[in-house]
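Chemist: A single structure is presented below for examination.
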Amino acid sequence: MSRIIYLLRHGQTRYNAELRLQGRCNSDLTAKGEAQALAMGARLREILDEPELWTLYASPLGRARQTAEFVCQQLGLDSDRIIWDERLVELGMGEWESCRVPDLLEDHPTLNISQPDWYLQAPEGESHQSIQRRAQSWLMDPAIAERAIVVSHGLLGAMLRGAYADLDYATTWSQDLPQDAFFKLSGGRIERIKC
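Below, the structure written as structure tokens:
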């Protein structure tokens, strides 16, 4: 595959700061999250010789929208160029969405959050197979540009990286979910780029 993908997670949100699970619900970027989004855009501007030759894809969820718009601003691109793709939304966390992690631990004392796939235990949440299918569908879509910038979410981003590099289940779920770095996917390899 000759495609090059820069994969970004949205900046910190109010829910991130409050230790709340977001899934498909939304909260706005914090001031720190806005600074992270601007930093990712600025770092991309340093890397890309001709940003206008790249296509930007993003999850339509608000926090990813905000981040994608900040990235466009830094790249000197009109935000009308962003392609909103439902396949890039975060893992659905069912009944746990907007719950604080400390409260979940109190309500479910057997919940082991040291297991990286603990999110999959959420009642009415999305399954591993479902999120994997979405990631693979996006990666294998021939309509996706050869030069792509993607703004998505932590867990969906990990799944995209896992599907891209053919990582096993445990490795996929154990990946880092940074908001101060992003990833370059090229030639079957994953490179972390610090902002």
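Adding 5 to a residue's 1-based position in the sequence shown gives its number in this note's numbering. Yeah, the Cβ is synthetic: ideal placement off N, Cα and C, and Gly gets one too. Here the structure is a predicted model, which means the values were calculated and not measured.
1) Mark Q184 as exposed unless 16 or more other C-beta atoms lie within 10 angstroms of its C-beta, in which case mark it buried.
2) Could you pull the DSSP bridge partners for T18 from this structure?
3) Anyone know if the C-beta pair for I136 and A170 falls short of 8 Å?
4) Would you give the residue range spanned by the alpha helix (DSSP H) that E74 belongs to?
5) Check each candidate in P65, R138, I149 and M145 and name the one with the smallest Cα separation from V94.
6) What residue range is occupied by the uninterrupted alpha helix (DSSP H) comprising R166?
7) Rounded to a whole number of angstroms, what is the C-alpha to C-alpha distance between S157 and L109?
8) Quick test of the definition: if touching needs 3 or more C-beta pairs under 8 Å, does the region 37-56 touch the region 73-85?
9) Pick from P128, N21 and C30: whose alpha carbon is nearest that of G37?
10) With a threshold of 7 Å on Cβ separation, who are the neighbours of N31 within its own chain once the five nearest residues in sequence on each side are excluded?
11) Hey, out of T177, W59, G159 and S179, whose CA is closest to A186's CA?
12) For the beta strand (DSSP E) that contains A63, what are its first and last residues?
13) Could you tell me whether any Cβ in chain C is nearer than 8 Å to the Cβ of S135?
14) Could you say which of V155, S191, W178 and W101 lies nearest to R92 if we only look at CA atoms?
15) Drop a sphere of 10 angstroms on the beta-carbon of I118, count the other beta-carbons inside from all chains shown, and report buried for 16 or more, exposed for fewer.
16) Could you pull the start and end residues of the alpha helix (DSSP H) that A140 belongs to?
17) Per DSSP, what kind of secondary structure is S103 in: helix, strand or coil?
18) Alpha carbons only, please: which of R152, L125 and G130 is nearest the one belonging to W178?
19) Ordered along the chain, which non-local residues of its own chain (more than five positions away) have a Cβ less than 8 Å from that of R166?
Modeler: Inspection of the coordinates gives the following:
1) Walking along the sequence shown from the start, residue 184 turns up at place 179. Flag for Q184 reads buried.
2) Taking the sequence shown and counting its residues from 1, the one referred to as residue 18 is at position 13. T18 pairs with L34.
3) By one-based count along the sequence shown, residue 136 stands at place 131. By one-based count along the sequence shown, residue 170 stands at place 165. Contact: no.
4) As a first step, residue 74 must be located in the sequence shown, where it is residue number 69. G67 to L80 is the span of the alpha helix (DSSP H), which, as asked, contains E74.
5) Taking the sequence shown and counting its residues from 1, the one referred to as residue 94 is at position 89. Of the listed residues, the one whose Cα sits closest to V94 is P65.
6) Looking up residue 166 in the sequence shown gives position 161. Per DSSP, the unbroken alpha helix (DSSP H) holding R166 starts and ends at G159 to A170.
7) For the purposes of this step, residue 157 is identified with residue 152 of the sequence shown, where counting begins at 1. For the purposes of this step, residue 109 is identified with residue 104 of the sequence shown, where counting begins at 1. Cα to Cα, S157 sits roughly 25 Å from L109.
8) yes
9) For this step, residue 37 is matched to residue 32 along the sequence shown. According to the sequence provided, residue 37 is Lys. The question's Gly does not apply to it. The shortest CA-to-CA distance from K37 to any of P128, N21 and C30 is the one to N21.
10) Position 26 of the sequence shown, counting from 1, holds the residue named residue 31. Counting only Cβ-Cβ distances below 7 Å, and skipping sequence neighbours, we find L66, G67 and R68.
11) Position 181 of the sequence shown, counted from the first residue, corresponds to residue 186. A186 has its Cα closest to that of G159, out of T177, W59, G159 and S179.
12) Within the sequence shown, the letter at position 58 stands for residue 63. Segment T60 to A63, the beta strand (DSSP E) holding A63.
13) This model lacks chain C altogether, as it is built from one protein chain only.
14) By 1-based counting over the sequence shown, the position of residue 92 is 87. Out of V155, S191, W178 and W101, V155 has the C-alpha closest to the C-alpha of R92.
15) Looking up residue 118 in the sequence shown gives position 113. Exposed, because fewer than 16 other Cβ atoms sit within 10 Å of the Cβ of I118.
16) In the sequence shown, counting from the first residue as 1, residue 140 sits at position 135. Here the alpha helix (DSSP H) through A140 covers H133 to M145.
17) Walking along the sequence shown from the start, residue 103 turns up at place 98. Residue state, collapsed to three classes: coil.
18) For the purposes of this step, residue 178 is identified with residue 173 of the sequence shown, where counting begins at 1. Out of R152, L125 and G130, L125 has the C-alpha closest to the C-alpha of W178.
19) Residue mapping note: residue 166 aligns to position 161 of the sequence shown, counting from 1. Cβ within range, chain order: L12, L172, T177, Q180, F188, L190 and I195.
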